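**Student:**
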Amino acid sequence: MFTPKVADILNRFSVEEIASHVLAKRATSETSTGQACVVRFTPDAIFLLSSSSPPTVLGHFKLSQIVHCTEVKIGAAKPG
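Start counting the sequence shown at 3; every next residue gets the next number (the numbering used here).
So, in structure tokens, the structure goes:
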């Protein structure tokens, strides 16, 4: 039987947090400008850019921020 490690759970929550934010930004960008946003990944951060030329940074996350969001969510999800 497979038991997920803490790192696996952290990664799953991180991905869910970022995916939710990206989808929200994308929907907002499409509604306000008629353009989808683009996601760029770097070793240290994730950037949300407009698809215009030149692109505008709509938002960004440093990896340390993503881990912090994950730790807060896991702490809040504890039973009792």
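Beta carbons are placed, not taken as given, at the ideal position from N, Cα and C, and that holds for glycine.
Every value quoted in this text rests on a predicted model; they were computed, and no experiment measured them.
Whose CA, out of Thr-58, Cys-39, Lys-64 and Ser-55, lies closest to the CA of Ile-48?
**Tutor:** Within the sequence shown, the letter at position 46 stands for residue 48. Residue Lys-64 is the option with its Cα nearest to Ile-48.
**Student:** Round the Cβ separation of Ser-55 and Cys-39 to the nearest angstrom and send it over; I've been treating them as touching at under 8 Å.
**Tutor:** Along the sequence shown, one-based indexing puts residue 55 at 53. Along the sequence shown, one-based indexing puts residue 39 at 37. Wrong, their Cβ atoms sit about 14 Å apart, outside the cutoff.
**Student:** Using only the alpha-carbon positions, how far apart do Leu-60 and Asp-46 sit?
**Tutor:** Here residue 60 refers to the residue found at position 58 when the sequence shown is read from its first residue. Here residue 46 refers to the residue found at position 44 when the sequence shown is read from its first residue. Straight-line Cα distance between these residues: approximately 17 Å.
**Student:** Taking the beta strand (DSSP E) that Ser-53 belongs to, which residues open and close that run?
**Tutor:** If you number the sequence shown from 1, residue 53 lands on position 51. Counting along the chain, Ser-53 falls outside any beta strand (DSSP E), and DSSP gives it neither H nor E.
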